[in-house]
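Just so we're aligned: 5 in the numbering used here is position 25 of the sequence shown, and the numbers increase by one with no gaps anywhere. A short worksheet on the structure shown next.
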Amino acid sequence: KAIDLIDEAGSRQNLDSACLTELKKLNDRKEELIDLREENEEAISNQTDAGDSLPLYEIQAELRSEMMRVEAEIGELEKTCKPVEITEEDIAAVVEMWTGIPVQKLTQSESGRLMNLEEKLHRRVVGQNEAINALSRAVRRTRAGFAPKKRPPSFLFVGPTGVGKTELVKTLAEVMFDTEDSLVRLDMSEFMEAHTVSKLIGSPPGYVGYDDGGQLTEKIRRKPYSVVLFDEIEKAHADVYNMLLQILDDGRLTDSHGRVVNFENTIIIMTSNAGTTLKSHGIGFGSSGHQAMEERVDTVLKDLFRPEFLNRIDEIVIFHELSREEIRQIVDLMLKEPKEAMARRGMTLKVTDEAREALAEEGYDPKFGARPLRRTIQRRIEDTLADLWLTGEIAGSREVTVDLAPPGSAGREAGEGEMTDGSGCYLFRWDLGARVACEPKAEGD
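Below is the structure:
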């Protein structure tokens, strides 16, 4: 295996070297020319008529000239091309490609990334400072080796819908393991019945799906460095909690084939809405309201889950409702997608401060978090941009600006280089420079 690793790493380095790649092409061409010359010489020797041999001699001369040119280029490249060096990082990259284990990152120092974990998580998650700080502290404690060995770090995210629980999990997977593909997401609404729990570790022998392995154990066995998300854990059957006890305590689980799957290098996260929908009167966005919600959530969790389950969780993280100011920041994050879509078409999308403020106001609903804002941006911005693009109105334009429409504007009201959205609240303007430049000039101009 070690020789195979070195051979694969050397091949990857050779492919990455432009000089060596060109040298290989020239050597291949040289071998091809040698074969062509031998075939041509054999054809000449088989000819009895001198007149018929003349074209073959011309081909032979051309092949000889090209051979001399190729050999000269090979000689020049051999002077400049240097042998590639295989480093520890190259070997680690091959191991990572073969096994899915991020060995390349493990050879580097993690201290800088862990110390800046809060900053990296805040790039995609707005607000929730207490939740992000608690998550970062627990991850640093585990990675630094001050947590119990073989136990994966585990968290229970509790909060109302649409406040960033799942988004924080996705961001953590990308920050820790460099890709969102390292996230294993399991919706607990699929495991509400007792017989469905076997899907996590695999069906028993003799049952359908025995050879397929478990949805959880098989993925972790193949990618041991992952973030495991149990979404809406309160919906799961009680047998799921029994299985989680072993993972949270010992960091391992035995699948239906008798193989022990190691969860030591995973991060276990569970989400729940328990206790956050029972909102009492007088609770707002201040610290007193958040403290009251924490007390209510604590009471509900103790009623829902057994003490031995809650005691094995490292951190119970409470998410608060989003404020208006946080919704305004989320507007900028959500506008990145339509801006990137426009950039792929060679155009720039600009949204004025007034339009962003109106989007935040229209999409703000403390009960549902940021999800209504997502629908607002889709209806007001993305749908209108799609219509303008498909009708060719903005074809050739370089910039599209979204602003508030004048009061009393009708929906889909079009003018020269401008149009309102379906609600008549937002005005889209685009330049016509490219279109005017393409118009033919009148005769006599």
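All residues carry an ideal CB built from backbone N, CA and C; glycine is no exception.
In this structure, what does DSSP give as the bridge partners for residue i?
i	result
Thr328	Glu379
Arg165	Leu209
Leu295	Residue identity differs from the one stated: residue 295 is Glu in this sequence, not Leu. Partner(s): Phe135.
Gly142	Gly142 is not bridged to any residue.
Asp345	Gly349
Gly372	DSSP lists no partner for Gly372.
Gly395	Glu398
Leu101	The partner list for Leu101 (beta bridge, DSSP) is empty, contrary to what the question assumes.
Leu384	Tyr406
Who are the near neighbours of residue i in its chain, counting only those whose CB is closer than 7 angstroms to its CB and skipping five residues on each side?
i	result
Ala174	His217, Asp219
Asp294	Ala118, Pro133, Ser134, Phe135
Glu46	Leu13
Met314	Leu353, Arg354, Ile357
Gly388	none
For the beta strand (DSSP E) containing residue i, list its first residue and its last residue.
i	result
Phe408	406 to 410
Arg232	232 to 234
Ser252	247 to 252
Val241	240 to 242
Glu398	398 to 400
Buried or exposed for residue i, please, with buried defined as at least 16 other CB atoms from any protein chain shown within 10 angstroms of its CB.
i	result
His261	Summary for His261: the model assigns pLDDT 44, below 50, so the residue's position carries little reliability, and this model does not support an answer.
Ile14	exposed
Pro133	buried
Tyr344	buried
Thr60	exposed
Phe171	buried
Lys5	exposed
Gly391	exposed
Val280	buried
Phe126	exposed
Thr197	buried
Lys129	exposed
Val240	exposed
Ser25	exposed
Gln271	exposed
Ile145	Looking at the sequence shown, residue 145 is not Ile but Lys. By the neighbour-count rule (16 or more Cβ atoms within 10 Å), Lys145 is buried.
Met48	exposed
Leu370	exposed
Tyr205	buried
Tyr143	Checking the displayed sequence, the identity of residue 143 turns out to be Val instead of Tyr. Buried, since its Cβ has 16 or more Cβ neighbours within 10 Å.
Ala340	buried
Ala335	buried
Thr328	exposed
Leu302	buried
Pro318	buried
Pro35	exposed
Ser169	exposed
Arg360	buried
Thr122	buried
Gly266	In this prediction, Gly266 has a pLDDT of 49, which is less than 50 and means its spatial position is unreliable; what the coordinates show is noted afterwards. Gly266 should be labelled exposed.
Which same chain residues, not among the five before or five after residue i, have their C-beta less than 6 angstroms away from its C-beta?
i	result
Leu214	The sequence shown places Glu at residue 214, rather than the Leu named in the question. Correct list, in chain order: Ser252, Ala254, Leu284.
Leu101	Ile112, Thr151
Val106	Glu306, Gln309, Ile310
Ile296	Leu136
Cys(-1)	Cys61
Leu412	Gly397
Val164	Lys199, Ser206, Val208
Ile249	Phe135, Val149, Leu209
Pro346	Glu301
Ser178	none
Val74	Leu(-15), Glu(-12), Ala(-11)
Take residue i and list the residues in its own chain whose beta-carbon comes closer than 8 angstroms to its own, dropping the five residues that flank it on each side.
i	result
Glu398	Leu407, Phe408, Arg409, Trp410
Ala338	Leu384, Cys405, Tyr406
Asp(-16)	none
Ile66	Ile(-14), Ala(-11), Gly(-10), Gln(-7)
Arg44	Arg17
Lys282	Leu290
Gly193	Gly182, Arg201, Asp235, Ser236, His237
Leu180	Leu166, Phe171, Gly194, Gln195, Leu196, Thr197, Val220, Met223
First and last residue of the alpha helix (DSSP H) that includes residue i?
i	result
Met156	145 to 157
Phe289	287 to 290
Gly122	What sits at residue 122 in the sequence shown is Thr, not Gly. Counting along the chain, the alpha helix (DSSP H) containing Thr122 begins and ends at 109 to 123.
Lys129	Neither: Lys129 is in no alpha helix (DSSP H) and is coded neither H nor E.
Glu305	304 to 314
Thr197	197 to 202
For the ligand ATP, any of its heavy atoms closer than 6 angstroms to the Cβ of residue i?
i	result
Ala(-11)	With respect to the ligand ATP, the structure offers nothing, as it holds no ligand at all.
For residue i, would you say it is in contact with chain D, using Cβ-to-Cβ distances shorter than 7 angstroms as the test?
i	result
Phe157	No chain D is part of this structure, which consists of one protein chain only.
If you scan the segment 168 to 195 from start to end, which runs of the alpha helix (DSSP H) of 4 or more residues do you find wholly inside it? 178 to 181
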